[in-house]
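*Asks:* Counted the way the numbering used here counts, the sequence shown spans residues 2 to 394.
Below: one structure in structure tokens.
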Amino acid sequence: MVEPTISQASARRTAIFSIVCSAHFINHFQSAMLGVIYPLMMKELGMSYIAIASLAAVYNTLGSVFQAAYGFVVPYVRRGVILGVGNCLLGLSVAATGFASNFNHFFTARLIGGIGSSPQHPVGSSMLASQFGVARGRTLAFHSTAGQIGSLLAPLMAAVMVTYVGWRGVFWVVGILATLIGMVCFVFRDTLHSASSYKACFKDKNILLVSLVFMAGAAGRGQDINEVYIIPHFVHDFDVSITYGAFLFTFIQVGSLIGPFVWGWISDRFNRKLVIQASLLMSALCTLWLAWQQNVSAGLFFNLVIYGAAVTSRQTLTQALLADLVGEDLFDAAFSLYYFIGFVSIPFWTVITGGVMTHYGFGPAFTVISTSYLLAMSLLVLLRTPVKQPSPR
2 MVEPTISQAS ARRTAIFSIV CSAHFINHFQ SAMLGVIYPL MMKELGMSYI AIASLAAVYN
62 TLGSVFQAAY GFVVPYVRRG VILGVGNCLL GLSVAATGFA SNFNHFFTAR LIGGIGSSPQ
122 HPVGSSMLAS QFGVARGRTL AFHSTAGQIG SLLAPLMAAV MVTYVGWRGV FWVVGILATL
182 IGMVCFVFRD TLHSASSYKA CFKDKNILLV SLVFMAGAAG RGQDINEVYI IPHFVHDFDV
242 SITYGAFLFT FIQVGSLIGP FVWGWISDRF NRKLVIQASL LMSALCTLWL AWQQNVSAGL
302 FFNLVIYGAA VTSRQTLTQA LLADLVGEDL FDAAFSLYYF IGFVSIPFWT VITGGVMTHY
362 GFGPAFTVIS TSYLLAMSLL VLLRTPVKQP SPR
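As structure tokens, this is what we get:
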């Protein structure tokens, strides 16, 4: 009787892991494919660059605000239902985008999609952290990597799909896939946690401290200074084409696929707080090195890979540390607060970096950015971690 029970529990965890990671993949895919589709939409719908920038800002802000709300919802609604509703809403909004006849229609559909995509990080991470005990570092790393793979493959796959089904067809296909994944999420069963347990989250300074560590580091969260400034730096300062600049940026993406998983694996075996501090120190050094690269060389290629591996690991590692520090009944509230605080700083660092780059150039700007990781390291000094208890999982 024991072996079938263990086998069933393992199969259940595998199913949850597969679906949550698939949802994260499609979440990033539908966002990253827009870079290929925008030029076609701009011509047909009469969209400007300012309109696209405004939409992106509102989309990200709306998603961040809703991420903070899920901790209040989870005591009353199962996480599987929240993820299911979110992914179905995302899928339907993506499919609806394929029917857009003007910018207002597109804008409305994307905002609905922003609401639909918002549960993925806090609720998905909470589900995985509660299912995988001592392996949560690796599990959360793979969850992060699944999203990175979606971002990496989306431009190429969307470009191929456009030639066969057109840009509207791409939205329909991806929307259907997201909706199907959302429907599967409804079958997941978990235990509701009380609202009183959620309130305790706000009294735990460790949650705030880990969230501030995530917030303090300038890059590595997606849609931040890496995506905004690095390719223009290559094009303007190294005098390369946009295509070659994008090629150089893929080295960062390759690092971002490998780094979180490697760092997560290490953190599952050693003191997680010290591992995070080591990754932050490497982030600072790699950023400083990148800041003063003068030309395209083998050293630049290596720098970009380890830079991507280091700066993108902070999210995975701090997620695992957060899960170590709080009880399972607080996972949902803790992850909601964590993502809200962590993503709030993206506009701040984007503006700071842009201002310094405008007046002094890329080198001084990313030198300033490198100090953000040292700030995050210093915050961890204040953290007092309890002795890690062995997990049965």
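By construction, the Cβ of each residue, glycine as well, lies at the ideal position given by its N, Cα and C atoms.
Just so we're clear, the structure is a prediction, and the values are computed from it rather than from any experiment.
1. Since residue 88 contacts residue 186 with CB under 8 Å, what's their CB separation in whole angstroms?
2. Does the stretch 304-315 touch the stretch 287-295, meaning 3 or more C-beta pairs lie closer than 8 Å?
3. Taking only the alpha-carbon atoms, compute the straight-line gap between residue 29 and residue 95 and give it to the nearest angstrom.
4. Between which two residues does the alpha helix (DSSP H) holding residue 274 run?
5. If you measure between the beta carbons of residue 370 and residue 219, is that distance less than 7 Å?
6. CA-CA distance, residue 262 and residue 17?
7. Report the rounded CA-to-CA distance for residue 45 versus residue 111, giving the unit in angstroms.
8. Measure how close the beta-carbons of residue 144 and residue 126 come, nearest whole angstrom, since I'm counting them as under 8 Å.
9. Count the other CB atoms within 10 Å of the CB of residue 454; is the residue buried (16 or more) or exposed (fewer)?
10. Excluding the five sequence neighbours on either side, which residues of its own chain have a C-beta within less than 7 Å of the C-beta of residue 82, listed in chain order?
11. CB-CB under 6 Å to residue 115, same chain, minus the five flanking residues each way: which ones, in chain order?
12. Is the distance from the Cβ of residue 232 to the Cβ of residue 250 below 7 Å?
13. Assign residue 343 to buried or exposed, taking buried as 16 or more other Cβ atoms, counted over all protein chains shown, within 10 Å of its Cβ.
14. Residue 274: which of 214, 284 and 227 sits nearest, CA to CA?
15. If distances are taken between C-alpha atoms only, which option among 154, 358, 124 and 366 comes closest to residue 258?
16. Should the stretch 354-363 be called in touch with the stretch 164-181, which here means at least 3 C-beta pairs below 8 Å?
17. What's the call for residue 382, buried or exposed, on a 16-neighbour Cβ count within 10 Å?
18. Can the beta-carbon of residue 68 be found less than 7 Å from the beta-carbon of residue 341?
19. Measuring CA to CA, which of 253, 241, 204 and 101 is closest to residue 226?
*Replies:* Judging by the given coordinates:
1. Sequence index remark: in the sequence shown, residue 88 carries index 87 (1-based). Sequence index remark: in the sequence shown, residue 186 carries index 185 (1-based). Contact between residue 88 and residue 186 holds, since their C-beta atoms are separated by about 6 Å, short of 8 Å.
2. Contact holds: three or more Cβ-Cβ distances are below 8 Å.
3. Working through the sequence shown from its first residue, we reach residue 29 at position 28. Working through the sequence shown from its first residue, we reach residue 95 at position 94. Straight across, the Cα-Cα distance linking residue 29 with residue 95 is about 12 Å.
4. Along the sequence shown, read from residue 1 onward, the residue named residue 274 stands at position 273. Its alpha helix (DSSP H) spans residues 273-292.
5. Taking the sequence shown and counting its residues from 1, one reaches residue 370 at position 369. Taking the sequence shown and counting its residues from 1, one reaches residue 219 at position 218. A contact, by the Cβ cut-off of 7 Å.
6. Taking the first residue of the sequence shown as position 1, residue 262 is located at position 261. Taking the first residue of the sequence shown as position 1, residue 17 is located at position 16. So the two alpha carbons sit approximately 19 Å from each other.
7. By 1-based counting over the sequence shown, the position of residue 45 is 44. By 1-based counting over the sequence shown, the position of residue 111 is 110. Here the C-alpha atom of residue 45 lies approximately 17 Å from the C-alpha atom of residue 111.
8. Sequence index remark: in the sequence shown, residue 144 carries index 143 (1-based). Sequence index remark: in the sequence shown, residue 126 carries index 125 (1-based). Right, their Cβ atoms sit about 7 Å apart.
9. The question about residue 454 has no answer here: the residues shown for the chain are numbered 2 through 394.
10. Walking along the sequence shown from the start, residue 82 turns up at place 81. Correct list, in chain order: 187.
11. Translated into the one-based positions of the sequence shown, residue 115 becomes position 114. Excluding residues up to 5 positions away in sequence, 60, 63 and 64 lie with their Cβ nearer than 6 Å to the Cβ of residue 115 in the same chain.
12. One-based indexing of the sequence shown puts residue 232 at position 231. One-based indexing of the sequence shown puts residue 250 at position 249. It is a contact, given that the beta carbons lie within the stated cut-off.
13. As a position in the sequence shown, residue 343 is number 342, starting the count at 1. Under the 10 Å beta carbon count, residue 343 is surrounded by 16 or more other beta carbons and is classified as buried.
14. Within the sequence shown, numbered from 1, the residue matching residue 274 stands at position 273. Taking the Cα of residue 274 as reference, the smallest distance to any Cα among 214, 284 and 227 is reached at 214.
15. Position 257 of the sequence shown, counted from the start, is the residue given in the question as residue 258. When each option's Cα is compared against that of residue 258, the closest is 154.
16. By the Cβ test, the stretch 354-363 is not in contact with the stretch 164-181, since fewer than three Cβ pairs between them sit closer than 8 Å.
17. Taking the sequence shown and counting its residues from 1, one reaches residue 382 at position 381. So residue 382 counts as exposed.
18. Taking the sequence shown and counting its residues from 1, the one referred to as residue 68 is at position 67. Taking the sequence shown and counting its residues from 1, the one referred to as residue 341 is at position 340. Yes, the pair counts as a contact, with Cβ atoms nearer than the cut-off.
19. Position 225 of the sequence shown holds residue 226. Closest by alpha carbon: 253.
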